[in-house]
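Under the working numbering, the first residue of the sequence shown is numbered 37, with each subsequent residue one higher. Inspection log for the structure reproduced underneath, given as structure tokens.
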Amino acid sequence: MAQAHMGLYEGMFLLSQQEAASDFAGCVSFLNEVFERAEAELIALTKWDERKLAYTIKGQKRGTYMLAYFRVRGTQIANIERDCNLSDYVLRSMMLKADHIGETELELAKREAASQSVKTKLMDQSEEQVEDMQEKPDVDTKETPANLANQEENG
Numbered sequence: 037m038a039q040a041h042m043g044l045y046e047g048m049f050l051l052s053q054q055e056a057a058s059d060f061a062g063c064v065s066f067l068n069e070v071f072e073r074a075e076a077e078l079i080a081l082t083k084w085d086e087r088k089l090a091y092t093i094k095g096q097k098r099g100t101y102m103l104a105y106f107r108v109r110g111t112q113i114a115n116i117e118r119d120c121n122l123s124d125y126v127l128r129s130m131m132l133k134a135d136h137i138g139e140t141e142l143e144l145a146k147r148e149a150a151s152q153s154v155k156t157k158l159m160d161q162s163e164e165q166v167e168d169m170q171e172k173p174d175v176d177t178k179e180t181p182a183n184l185a186n187q188e189e190n191g
């Protein structure tokens, strides 16, 4: 059987603000799993914006938008939509054929996604460092004879 044509698609996913705020990594992981199950090639996945919604959706007044560019067989779009509809993370989703997107725009989207993931990693590392600093006991800075002797030896 011949491999079906992999088309380029653009997807906008509206995530529950509650879920995104409490477990953003879990939301991103969920979307990655959806694309894996659909055998899609994920090109870029970026956080687009957080906004107040025009009307309440599933009890939510705010949402986080994720923008994705991916290649997938057209027959798999229904599976992606079904997974999103059954999820607590995704409030709405919309996927469009992205024939209008050129290679330059795709490359820019890849770079933006890469810079966002670097920023996220740096933020995670800085949060871990703050937590480590909070967990460690304060250094004894009293001027005791032993501390004064250590200071003289070191410096």
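Note that CB positions come from ideal geometry on N, CA and C, so glycine has one too. Being a predicted model, the structure only gives us computed values, none of them experimental.
Touching or not, the region 108-120 and the region 135-152, by the rule of three or more beta carbon pairs under 8 Å? As far as the Cβ criterion goes, the region 108-120 does not touch the region 135-152, which means the pair count is below three.
Is the beta carbon of Cys63 closer than 8 Å to that of Ala56? Cβ atoms of Ala56 and Cys63: closer than 8 Å.
Here's the rule I'm using: 16 or more other beta-carbon atoms within 10 Å means buried, otherwise exposed. How should Met130 be labelled? So Met130 counts as exposed.
In the DSSP assignment, what residue or residues form a beta bridge with Gln96? Answer is Ile93, bridged to Gln96.
For Leu132, does the count of other Cβ atoms within 10 angstroms reach 16, so buried, or fall short, so exposed? Of the residues assessed, Leu132 falls on the exposed side of the cut-off, its CB having fewer than 16 other CB atoms within 10 angstroms.
Under the three-state DSSP convention, the category Leu144 falls into: Three-state result, Leu144: helix.
Contact set for Gly47: own chain, Cβ-Cβ below 6 Å, skip 5 residues either direction: The beta carbon of Gly47 lies closer than 6 Å to those of Ala104 and Met131 in the same chain, with the five residues before and after it left out.
Could you check what DSSP says for Ala57 in three-state terms: helix, strand or coil? Ala57 falls in the helix class under three-state DSSP.
List the DSSP bridge partners of Asp119. Answer is none; Asp119 lacks a bridge partner.
Beta carbon of Thr82, beta carbon of Gln53: below 8 Å? No.
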